[in-house]
Amino acid sequence: MEYWRRQPWVFATFIGPGTLWLLLFFLLPLGWIWLFAVGERAGPVDIVVTWTLENYREALQPVYLQLFLKTFLIALVSTAICLVVAFPVALAICFAPERYKNVLLLLVILPFWTNMLIRTYAMIAMLRQNGFVNDGIGLLWTGLKYLLTPVGMDGLMGERFAPLPLLYNNTAVILGIVYVYLPFMVLPLYANLEKLDRSLIEASLDLGASQVRTFFEIIVRLARPGIVSGIILVFIPALGTFLISDLLGGPDSQLIGNVVERQFRAANNLPLGSALSFLLLYLTFIALALRAWFAARAEKADA
Amino acid sequence: MIPVRRRGLLGGGLAVAGLLPLSRFARAQEDQVNVYNWDTYIGSDTLAEFTDATGIAVRYDLYASSDELFGKLREGNPGYDVIFPSNNYVERMVAGDMLMPLDHALVPNLRNIAPAFANPSYDPGLKYGAPYTYSLLVIGYRKSAVAEPPTSWSAVFGPDAPVGRVSLPNETDLVRAALKSLGKSLNTEDPADLEAAEKLLLEVKRRGVVKMFAPDTGQDLLLSGEVDLAVDWMGDLRQVMAEDDDLDFAVPSEGTVLGIDCMCIPKGAPHPTAAHAFIDFVLRPEIHAAIAEEIQYAIPNQPAVELLPAETRDDPQVYPPADVLAKSETPAYRGEAAEKLFEDVLTRVLAA
Numbered sequence: 001m002e003y004w005r006r007q008p009w010v011f012a013t014f015i016g017p018g019t020l021w022l023l024l025f026f027l028l029p030l031g032w033i034w035l036f037a038v039g040e041r042a043g044p045v046d047i048v049v050t051w052t053l054e055n056y057r058e059a060l061q062p063v064y065l066q067l068f069l070k071t072f073l074i075a076l077v078s079t080a081i082c083l084v085v086a087f088p089v090a091l092a093i094c095f096a097p098e099r100y101k102n103v104l105l106l107l108v109i110l111p112f113w114t115n116m117l118i119r120t121y122a123m124i125a126m127l128r129q130n131g132f133v134n135d136g137i138g139l140l141w142t143g144l145k146y147l148l149t150p151v152g153m154d155g156l157m158g159e160r161f162a163p164l165p166l167l168y169n170n171t172a173v174i175l176g177i178v179y180v181y182l183p184f185m186v187l188p189l190y191a192n193l194e195k196l197d198r199s200l201i202e203a204s205l206d207l208g209a210s211q212v213r214t215f216f217e218i219i220v221r222l223a224r225p226g227i228v229s230g231i232i233l234v235f236i237p238a239l240g241t242f243l244i245s246d247l248l249g250g251p252d253s254q255l256i257g258n259v260v261e262r263q264f265r266a267a268n269n270l271p272l273g274s275a276l277s278f279l280l281l282y283l284t285f286i287a288l289a290l291r292a293w294f295a296a297r298a299e300k301a302d303a
Numbered sequence: 304m305i306p307v308r309r310r311g312l313l314g315g316g317l318a319v320a321g322l323l324p325l326s327r328f329a330r331a332q333e334d335q336v337n338v339y340n341w342d343t344y345i346g347s348d349t350l351a352e353f354t355d356a357t358g359i360a361v362r363y364d365l366y367a368s369s370d371e372l373f374g375k376l377r378e379g380n381p382g383y384d385v386i387f388p389s390n391n392y393v394e395r396m397v398a399g400d401m402l403m404p405l406d407h408a409l410v411p412n413l414r415n416i417a418p419a420f421a422n423p424s425y426d427p428g429l430k431y432g433a434p435y436t437y438s439l440l441v442i443g444y445r446k447s448a449v450a451e452p453p454t455s456w457s458a459v460f461g462p463d464a465p466v467g468r469v470s471l472p473n474e475t476d477l478v479r480a481a482l483k484s485l486g487k488s489l490n491t492e493d494p495a496d497l498e499a500a501e502k503l504l505l506e507v508k509r510r511g512v513v514k515m516f517a518p519d520t521g522q523d524l525l526l527s528g529e530v531d532l533a534v535d536w537m538g539d540l541r542q543v544m545a546e547d548d549d550l551d552f553a554v555p556s557e558g559t560v561l562g563i564d565c566m567c568i569p570k571g572a573p574h575p576t577a578a579h580a581f582i583d584f585v586l587r588p589e590i591h592a593a594i595a596e597e598i599q600y601a602i603p604n605q606p607a608v609e610l611l612p613a614e615t616r617d618d619p620q621v622y623p624p625a626d627v628l629a630k631s632e633t634p635a636y637r638g639e640a641a642e643k644l645f646e647d648v649l650t651r652v653l654a655a
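Chains as they are written, first to last, in our numbering: chain A, 1 to 303; chain B, 304 to 655.
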């Protein structure tokens, strides 16, 4: 731990490029946005920093707070689904034969080879009224009706197949978020489970714990760091989603990300957009800080 | 068309913009023009013909929306010579000191612009922009799904609008359409009018009429059968009508939004002379007519329209009659505070 004191140049060489990168391309632009949030528009292009709090005051209006709440809920549900779906997947990859592991991991990240916009459009083709899913179900429906007609039970099935409303609602948005961010949950879980000491599982089973109990009390507990990273990696980007809700959402699927995007583009109101995104940033920080605080308290209680 | 990588053009553009004073010397031999246009918005031979006729090479780059264009230019021109902003963005960019006035001596073909478009309120005397195309915000519909063709905004905003079968634009033009349906000017600044429009839209939303507030994809929703009625631009709807005979559109009788896209030269353009030459070339009757036939948009170029086949020229679905045009209005830009009134209504409607 103290090596860097003895070898400061080596340390600087390693830490330098990353720090410089973050400073130039993350903190500096973020600083601009932070300044915009306390600025005012002077004409269509110019923004004057006047240290006004008007933008934050506007961002705290009920109409936006409602959207913050809704965005949190949608992100929360999506993250939960991601976790439930990803955990068995990560576990299965861990226990798969060594030679298949790389292929399976490749399959998890395969969607990244295509642009997210294109993947979202692919979701539209799947889910829309005359999409693949509805066409498939429709085909099954027709087949079933054909089979039931001779026994006089076709009346059970209604006159004609009514396509399921799969697209343009909040469910579609959640589905889209889960689809896009699932790999971000699988990968940290896998990294964590892979390191797991399997003799602990064997010990638990040998000592008479059931499979279910072993899963929840040994595997899940030991995978906690992976679960936490996965949740953070999915939840935080989900909070900023705008593309998915724009394309898959219905009339009431507006998320805070959509409002921010519109302020930066069509509305040309960068100060309000900046204030809204910083409010989201502050809320995320508070959530993370609370989580750290609870974790620390739980650790203390355990000890 | 000369294929060009976006990054390549921008990098080159920046370098050129940096050397602007130098390029003044070289004005006589400007041999390139950097054009930034909407996708599918020019004839497939136009650029090659321009190069053949003038010896000026065209670098061509695409954008998808006015705000993308505006966003790209707001921090300074990255090297474009000709852009195609819509009328309200022409005003906004003039207010932001982002456009170069056109030198009318270098664009003699401006005389081809039809009188109705030659002195518009958004750009008196065509000081900054040459009108390129125009379009109306209309109601597209699936013929087999509606009892009778819509004639007014009540088809989508009225009590009989079909539940869950309508797509509306997620832009401030929606608020303007609502104002028109209430018989108000779409350029009103009266808070009572805007409040009435908001109330109307909230009521439409509450009844569940809206399937989706579409980001410029209304025509696709109509084509895929997702909705039966879609409020969208005439030109976009004409493109899907070519694919499906069951689709049509109607211009609402109360009048609607008239959008005019213009050719402009942004400040800091590295090749202003070539840019003027390009604009003048596009305004040649035979060139502008060829573009119009390909992209299916109406053009405000009188002699060019006369070159079009009679069935196109006389089709009220392409060239709306004068009385329809007279009832429609172009949205005016009156400063960011006025724009914000419309944005706020839209935000509240979308968030409700």
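Yeah, the Cβ is synthetic: ideal placement off N, Cα and C, and Gly gets one too.
Per-residue DSSP class, three states only, for residue i
i	result
residue 40 of chain A	strand
residue 161 of chain A	coil
residue 647 of chain B	helix
residue 516 of chain B	strand
residue 588 of chain B	helix
residue 491 of chain B	coil
residue 209 of chain A	coil
residue 152 of chain A	coil
residue 436 of chain B	strand
residue 325 of chain B	Note on residue 325 of chain B: pLDDT 41, under 50, position unreliable in the model; the coordinate value appears next. Looking at residue 325 of chain B - three-state DSSP - the assignment turns out to be helix.
residue 315 of chain B	Its pLDDT being 38, under 50, residue 315 of chain B is placed unreliably in this model, and the value from its coordinates should be taken loosely. Here residue 315 of chain B sits in helix by DSSP.
residue 308 of chain B	Low confidence applies to residue 308 of chain B: its pLDDT is 33, below 50, so where it sits in the model is not reliable enough to give any reading.
residue 611 of chain B	coil
residue 428 of chain B	helix
residue 632 of chain B	strand
residue 454 of chain B	coil
Residue i, enclosing alpha helix (DSSP H) - first and last residue
i	result
residue 182 of chain A	170–194
residue 115 of chain A	It is not in any alpha helix (DSSP H) - residue 115 of chain A carries neither H nor E in the DSSP assignment.
residue 294 of chain A	270–302
residue 51 of chain A	Per DSSP, residue 51 of chain A belongs to no alpha helix (DSSP H) and is neither H nor E.
residue 236 of chain A	224–239
residue 479 of chain B	476–484
residue 464 of chain B	Taken as a continuous stretch (DSSP letters only), residue 464 of chain B belongs to no alpha helix (DSSP H), as it is neither H nor E.
residue 21 of chain A	8–22
residue 523 of chain B	521–526
residue 98 of chain A	98–109
residue 247 of chain A	243–248
residue 373 of chain B	369–376
residue 355 of chain B	349–357
Identity of the residue in the options nearest residue i by Cα
i	options	result
residue 87 of chain A	A:63, A:143 and A:186	A:186
residue 91 of chain A	A:125, A:198 and A:47	A:198
residue 364 of chain B	B:341, B:647 and B:348	B:341
residue 563 of chain B	B:584, B:438, B:370 and B:419	B:438
residue 333 of chain B	B:576, B:591 and B:655	B:576
residue 72 of chain A	A:239, A:114 and A:9	A:239
Residue i - containing beta strand (DSSP E), residue span
i	result
residue 472 of chain B	469–472
residue 340 of chain B	335–341
residue 552 of chain B	550–553
residue 535 of chain B	532–536
For residue j and residue i, believed in contact at Cβ under 8 Å, the rounded distance
i	j	result
residue 601 of chain B	residue 588 of chain B	Not confirmed; about 15 Å, so no contact.
residue 488 of chain B	residue 609 of chain B	At roughly 33 Å, the Cβ-Cβ gap does not stay under 8 Å, so residue 488 of chain B and residue 609 of chain B are not in contact.
residue 254 of chain A	residue 653 of chain B	5 Å
residue 583 of chain B	residue 336 of chain B	With 8 Å as the limit, residue 583 of chain B and residue 336 of chain B do not qualify as a contact, their Cβ atoms being about 12 Å apart.
residue 214 of chain A	residue 204 of chain A	4 Å
residue 36 of chain A	residue 271 of chain A	5 Å
Bridge partners - residue i, DSSP secondary structure assignment
i	result
residue 141 of chain A	In the DSSP output, where bridge partners are listed per residue, residue 141 of chain A has none listed.
residue 59 of chain A	None; residue 59 of chain A has no bridge partner.
residue 563 of chain B	B:437
residue 558 of chain B	DSSP, once it has assigned bridges, lists no residue as partnering residue 558 of chain B.
residue 569 of chain B	B:402
residue 363 of chain B	B:338
residue 385 of chain B	B:338
residue 445 of chain B	B:550
residue 416 of chain B	B:604
residue 261 of chain A	None; residue 261 of chain A has no bridge partner.
Residue i: CB within 6 Å of a non-hydrogen atom of the ligand PLP
i	result
residue 260 of chain A	This structure simply doesn't include the ligand PLP, nor any ligand for that matter.
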